[in-house]
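There are 2 protein chains.
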Amino acid sequence: MLDPISRVRRFNRAVTSAVGALDTSFLGRGRPLGAARVLNAIGHGRSEIGEIRDYLGLDSGLMSRLLRGLEDEGLVETHAHEEDARRRVVSLTRTGKREFAAYEDLSNSQAEGFLARNSQREALLAAMDLIASALTRDRIALTELDPRSDAARYCLAEYYAELSRRFKQGFDVSLSRDPDAKDMRRPRGSFIVAMSDTLPIGCVGLKGTDHGYAEIKRLWVAPSARGLGLGKRLMDRTEEAARSLGIALLRLDTNSALPEAGQLYRTTGWREIPRFNDDPYPDLFFEKQIRS
Amino acid sequence: MLDPISRVRRFNRAVTSAVGALDTSFLGRGRPLGAARVLNAIGHGRSEIGEIRDYLGLDSGLMSRLLRGLEDEGLVETHAHEEDARRRVVSLTRTGKREFAAYEDLSNSQAEGFLARNSQREALLAAMDLIASALTRDRIALTELDPRSDAARYCLAEYYAELSRRFKQGFDVSLSRDPDAKDMRRPRGSFIVAMSDTLPIGCVGLKGTDHGYAEIKRLWVAPSARGLGLGKRLMDRTEEAARSLGIALLRLDTNSALPEAGQLYRTTGWREIPRFNDDPYPDLFFEKQIRS
DNA sequence: GCAATTATCTGACTAAAGTCAGATAATGCT
DNA sequence: AGCATTATCTGACTTTAGTCAGATAATTGC
């Protein structure tokens, strides 16, 4: 009865009925679940109809009708896409925003209620993070973003916070050579963010220089997403980006207080080299030749 | 973004889409979800129609039609209840058993696949147990069972195993005064099992004696269900049973190697008394006067 | 024995979700 | 320019789920 498979299945059943309760709470606002899900997808920033359709797994006919329904209720407006008038973008009206906020309140108080009902709060949260990361691991999307975008800035803030926790002497961004955002955008470089659902859980920057190589900077993976091979995926993707930019030589610096990083570099073809900059924080330097 | 509520909501989303995938896998056998759920409920041993209806939250008309459908497929048979011909009991035919086994295989391989895909196996399982217990805490059912039933015997085995882990000198049931099953059944006593879903997660026995008191024996709560106040619930329920049996004085023995048990007794009106038996294991003895 | 109650079933609905074959209009490609 | 492709929409379905008012038959309580 306590074999691993039974335990997983008990979890599945528990969660299935909890999800059922969650779904029916959405019905509290007198709208069928399908329409509520579309409204929420729009509220969470998805604007292109095709994207929403894919995300929710809906047929195009059904999607279209759900949108008409929301339009009739005065909750959303659709417009032609600026660059491609076949595609449509949808946005919330003022009424729609209010309605979306009501759904958000419902979800938030549901979550709050769950936490309040249970005593082992931190243990539960850690368990939830772990399971959420495990469940969504093959839906982690790596996307090139502007390093000044919200998601990128969130990752960088978490990265700096972690460095200051882990470096004995703390970490002050202003003392480090802060790469200019321009150097981490095409065509000079690139910045890649890993998103799990709507949560940024990792990043890495590729910084172009004028010295015949590019640098890897700001490799970070969220604590709840470690052990999923995400660091490797981010690095692979960066090398790909470098190749596409015609870059043949990569360098990076790191610190021996981050042993898992050094370990990753050593096992993926990086070669330790002498110090190549005067940044005060790093004490380890690597180089990798790419291009087959 | 990492505030507790967002973390709970991210978990909810992850789990919602995983459950969606689980549900659609059930559709792989070409049967609508409703019918599949009824078939599975029957396969898992529920035989009375009313019970299944309550468990799945179905309308009686709908339930009836789903059953007719399964009958037409040759998967189930219904008969009148032996003691009350208004009620109907339903059972699987041979074909039905095969079909149910196919669903079981699907569920098992789904669970197996999840475990195989992830590296932190033990951490994941512990996280799942914790969350499942938290989610189902208000659906934990306490029922009086025969101490020789499967669920009761499972609890007792777990209880003995735990004692032998926690007692320095180990634990051998045969050395302990093993209460006769008859003493823990009405009208002499009672045995109560806590069920979370289909998993027994706790038990307690009320053992009648001929000395003017009854004894509480075998109080056990599964590790994954601790911290939910289940021990207290089990004790309250036992006192209720004792009252209904006209018992006014309760005694119990325990061991100081189980501090959480002693703690529970001390805070719920039990009074420490001198040794009242010659069982080799206990070193702490309590008594409680009940009846208002 | 008989009225009230209980468990299940049937018929006649509605609502929601999903499917699919075109229709329409914009865009890409040569 | 003209044809294939793409994104969305519409109409005409089907299936599933769910509701509700009786009908039927067994049982309980007096």
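So the protein lines, in turn, are chains A and E.
Numbered according to the working numbering, the first sequence spans residues 457 to 748.
Numbered according to the working numbering, the second sequence spans residues 457 to 748.
Where a beta carbon is used, it is the ideal one built from N, C-alpha and C, also for glycine.
Computed from a prediction, not measured in an experiment: that's the story for all the values here.
- Taking the C-beta atoms as reference points, E:I729 is found no nearer than 8 Å to E:R693.
- Non-local beta-carbon contacts of A:R727 in its own chain, meaning distances under 6 Å to residues more than five positions away in sequence, involve E743 in chain order.
- Residue nearest to A:L586 within the set E:L514, E:Q576, E:V532, E:L591 is E:Q576 (criterion: CA-CA distance).
- Look at the stretch 569–597 of chain E: the residues with a C-beta under 7 Å from a C-beta of chain A are F570, L571, N574, S575, Q576, A579, L580, L581, A583, M584, D585, L586, I587, A588, A590, L591, T592.
- Per the C-alpha coordinates, the member of A:R509, A:E504, A:A617, A:N468 positioned closest to A:G490 is A:R509.
- Residue state for A:D561 is assigned as helix, using DSSP reduced to three classes.
- Around E:T665, the same chain offers E671 as residues with beta carbons nearer than 7 Å, after the five sequence neighbours per side are excluded.
- Sequence-distant Cβ neighbours of A:T551 in its own chain, meaning closer than 7 Å and more than five residues away, are G530, L531.
- The Cβ atoms of A:C659 and A:A588 do not sit closer than 8 Å to each other.
- With 16 or more neighbouring CB atoms inside 10 Å of its own CB, A:Y559 falls in the buried class.
- Residue pairing by DSSP puts A:A650 in a beta bridge opposite A:L598, A:G658.
- Of all alpha-carbon atoms in A:G569, A:D735, A:R573, A:I498, the one lying nearest the alpha-carbon of A:T654 is that of A:I498.
- In the structure shown, the three-state DSSP call for A:D636 is coil.
- If you look at A:R544, you'll find it in the beta strand (DSSP E) that goes 544–548.
- A Cβ-Cβ separation of about 7 Å places E:Y737 in contact with E:F627 under the 8 Å criterion.
- At a cut-off of 8 Å between beta carbons, E:A617 makes no contact with chain A.
- In this structure, A:M651 is the residue among A:H667, A:L686, A:M651 with its C-alpha nearest to the C-alpha of A:L601.
- Using a Cβ-Cβ cut-off of 9 Å, E:L690 is close to nothing in chain A; its nearest Cβ partner there is about 18 Å away.
- Within its own chain, the residues whose Cβ lies closer than 6 Å to the Cβ of E:L675, once the five positions on either side in sequence are excluded, are V660, listed in chain order.
- Excluding the 5 residues flanking it on each side, E:A492 has same chain C-beta neighbours closer than 6 Å at F482, in chain order.
- Here the C-alpha atom of A:D459 lies approximately 19 Å from the C-alpha atom of E:R621.
- Looking from the CA of E:R604, the closest CA among E:A590, E:A582, E:S646 belongs to E:S646.
- Taking E:E695 as the centre and dropping the five residues before and after it, the same chain places the C-beta of I746 closer than 6 Å to its C-beta, in chain order.
- Bridge pairing for A:F742: A:L708, A:E728 [DSSP].
- Cα atoms of E:G569 and E:H500: separation of roughly 22 Å, rounded to the nearest angstrom.
- Counting along the chain, A:A608 sits inside the alpha helix (DSSP H) bounded by residues 606–622.
- Boundaries for E:L675: no alpha helix (DSSP H) harbours it, while the beta strand (DSSP E) harbouring it runs 670–677, taken from the DSSP string.
- Per the coordinates, the alpha-carbon of E:F467 lies some 10 Å from the alpha-carbon of A:T592.
- Taking a Cβ-Cβ cut-off of 7 Å, the neighbours of A:R465 in chain E comprise S563, A567, given in sequence order.
- Taking C-beta separations shorter than 8 Å and ignoring five residues to either side along the sequence, the partners of E:N496 in its chain run F556, Y559, following chain order.
- Interface criterion not met: the Cβ of A:V494 is under 8 Å from no Cβ in chain E.
- In the structure shown, E:E504 falls within a strand segment according to DSSP collapsed to helix, strand and coil.
- When C-alpha distances from E:E533 are compared across E:P679, E:N711, E:A541, E:L523, the shortest belongs to E:L523.
- At least one CB of chain E lies nearer than 8 Å to the CB of A:V471.
- When the alpha-carbon of E:G506 is set against those of E:R487, E:G486, E:H537, the nearest one is in E:H537.
- A:L562 and A:G683 do not touch by the CB rule: their CB atoms are close to 33 Å apart, not below 8 Å.
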